[in-house]
Every structure is written in structure tokens, then in C-alpha cells.
Amino acid sequence: MIQILVSACLAGENCKWDGGNNKNDELLDFMKRMEGKAEFHLVCPEQMGGLPTPRPASEIRASDEAVINTEQRDVTAEFLLGADLALREAKKYQCTIAILKERSPSCGSHGVYDGSFSHILTDGMGKTAALLAGYGIRVVGESGLSELEKELESLSAEAKANVPSPKAI
Ligand code: SF4
């Protein structure tokens, strides 16, 4: 059984900074299709780090990588705690893959906003995504779902092809 960590907001939980979610139907369909083949573990690192919902939006400041919210409060400690707790969850369930919300200062991969709160993307990852990737967990954004599914299907087909038939035993 494949163990997969998932950003809770993508699965429809109202844990996003504004009290809403980032429900992604493609992900929900994928989760249904993977029933019996994968287990999903939902996390919201920002809530796990002690931040309330709703909360002011935050971005990673490009100059020093501190996480600053729209009230100019430094919330780096909460973000790092959330990342640690998400990693603990991933280790507990032996997750090898994490499907995380793109562009988030916690969960984002392949680019995050630059701290100017003007929707400017810069290279880099969110605090949780970077920590998980550093521990060898494959981080996939919601736009990489179909590619991930194809890879998992071909791995499963290869595994089936390698199982000896009863006659061959
Ligand atoms: Fe979604 Fe991650 Fe932000 Fe939580 S921290 S709301 S899971 S993107």
C-alpha cells in the first residue's frame, strides 16, 4: 500500500488562510481511484504549527527566507513547527509521496510568492515542502497529479508482470 501525505485544503478542508479551501476535484477522483492501493494522510502544516483559521496570508521573504504575514508579523517559527509536525506524520505512516498545494509558503513546490504580496513568483519551495523533499519524500503539486498517476500505474503493471505465475512456481 502506498502511503501519501496530502495538503488538507486540496481535499476540501477549510484550513486555508481565509477560512476556505482549495478543493481539487482531480485529486478527489484520484483518491477514489486509488482506494485499496494507497492511503492518504491529510495535514495542514500552518494549523499544526498553531496558527488560527482564518489567519492573515503569509509569504516567504526572498531576502532572508523569513515568513512574514500581511500584518508584518514574523511567523517563521509557526511555519517551521508545522513543517516538523507534518514530517513527523509522514514518517509515522512511512509516506513516500506528498501531494501538496502549489505556491503556498508551507506546501508550495516549484515556486512560491516572493514576500512582496504582489503575486510575484520566485524559485523555491514552501517550508514544509522543502523539509519533506529534504527527507527524500517526493513532493508533487496538484498540477502533477496525472503524471504521478501514470507513473504509479506503470509501476503497478511492472510489479504484476514480475509476479511468477502459479505454473512457473
Ligand atoms: Fe493548505 Fe498547506 Fe496552506 Fe494548510 S498550509 S491551507 S494544507 S496550503
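Counting the sequence shown from 1 gives a position; the working numbering is that position plus 7.
Yeah, the Cβ is synthetic: ideal placement off N, Cα and C, and Gly gets one too.
Just reading off the beta strand (DSSP E) that GLY141 is part of, what are its end residues? Premise fails: GLY141 lies in the alpha helix (DSSP H), 134-141, not in any beta strand (DSSP E).
Separation of ASN169 from TRP24, as counted between CA atoms: 47 Å
Taking contact to mean at least 3 C-beta pairs separated by less than 8 Å, is the segment 28-43 in contact with the segment 151-163? yes
Taking 6 Å as the cut-off, is the beta-carbon of THR51 closer than that to any non-hydrogen atom of the ligand SF4? With the sequence shown as reference, residue 51 is identified as Cys, and Thr is not the correct amino acid for it. It does: the Cβ of CYS51 is within 6 Å (strictly closer) of some heavy atom of the ligand SF4.
Contact between the segment 79-95 and the segment 120-129: three or more CB pairs below 8 Å? no
For GLY148 and LEU107, believed in contact at Cβ under 8 Å, the rounded distance: 6 Å
Which residues mark the beginning and the end of the beta strand (DSSP E) in which GLN10 is found? 9-14
Express the C-alpha separation of THR77 and SER65 in angstroms, rounding to a whole number. 6 Å
From ALA73 to ASP81, what does the alpha carbon distance come to, in whole angstroms? 7 Å
Closest by C-alpha distance to GLU20, when choosing among ASN31, ILE11, ALA140: ASN31
For ALA105, which residues in the same chain have their Cβ closer than 6 Å to its Cβ, ignoring the five residues on either side in sequence? LEU12, LEU139, ILE144, VAL146
Locate the alpha helix (DSSP H) running through LEU155, then write down its first and last residues. 152-168
Would you kindly check if the distance between the Cβ of PRO112 and the Cβ of ILE67 is under 7 Å? yes
Would ALA94 be called buried (16 or more neighbouring beta carbons within 10 Å of its own) or exposed? Correcting the residue identity first, residue 94 is Leu in this sequence and not Ala. LEU94 should be labelled buried.
In three-state DSSP terms, what is LEU58? coil
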